[in-house]
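Residue numbers (the numbering used here): 100 to 208.
C-beta: ideal position from N, C-alpha, C; glycine also.
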């Protein structure tokens, strides 16, 4: 790639002109680089458009959050996540036993 810088002065303003000459190999490299940048931008736009708002299903109390963090530090993320999921499934299955949608179990009223 060859380049030159020409400064033209007319007394009031300066005009900067950059003349760049590319050979065929340079032109192909720049074209490929631009294509890859465009593909990356398209991928980022797709990810943004497909993203969903994160919604908390459960509002944990501060002491529960602290206990979960401590347990994860001690036993590891995967182990604690699996245990909490098991407990939640069990509680939900017990609540569904004999209840209709929206009905609160008598013991919890």
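Pull up the distance between the alpha-carbon of residue 167 and that of residue 179, whole angstroms please.
Here residue 167 is taken as the residue at index 68 of the chain shown, counted from 1. Here residue 179 is taken as the residue at index 80 of the chain shown, counted from 1. Answer to the nearest angstrom: the Cα atoms are 8 Å apart.
Measuring straight from C-alpha to C-alpha, what distance separates residue 163 and residue 127?
What you label residue 163 is simply residue 64 of the chain shown in a count that begins at 1. What you label residue 127 is simply residue 28 of the chain shown in a count that begins at 1. Those two C-alpha atoms are separated by around 59 Å.
Nearest-angstrom Cα distance between residue 182 and residue 195?
As a position in the chain shown, residue 182 is number 83, starting the count at 1. As a position in the chain shown, residue 195 is number 96, starting the count at 1. Spanning the two alpha carbons is a distance of roughly 20 Å.
Look up residue 134 in the DSSP assignment and say whether it is helix, strand or coil.
Stepping through the chain shown from its first residue, residue 134 is reached at position 35. Looking at residue 134 - three-state DSSP - the assignment turns out to be helix.
Would you report the Cα separation of residue 185 and residue 156, rounded to the nearest angstrom?
One-based indexing of the chain shown puts residue 185 at position 86. One-based indexing of the chain shown puts residue 156 at position 57. Near 16 Å, if we compare the C-alpha coordinates of residue 156 and residue 185.
For the alpha helix (DSSP H) holding residue 155, just list the boundary residues, first then last.
By one-based count along the chain shown, residue 155 stands at place 56. Segment: none, residue 155 is in no alpha helix (DSSP H) and carries neither H nor E.
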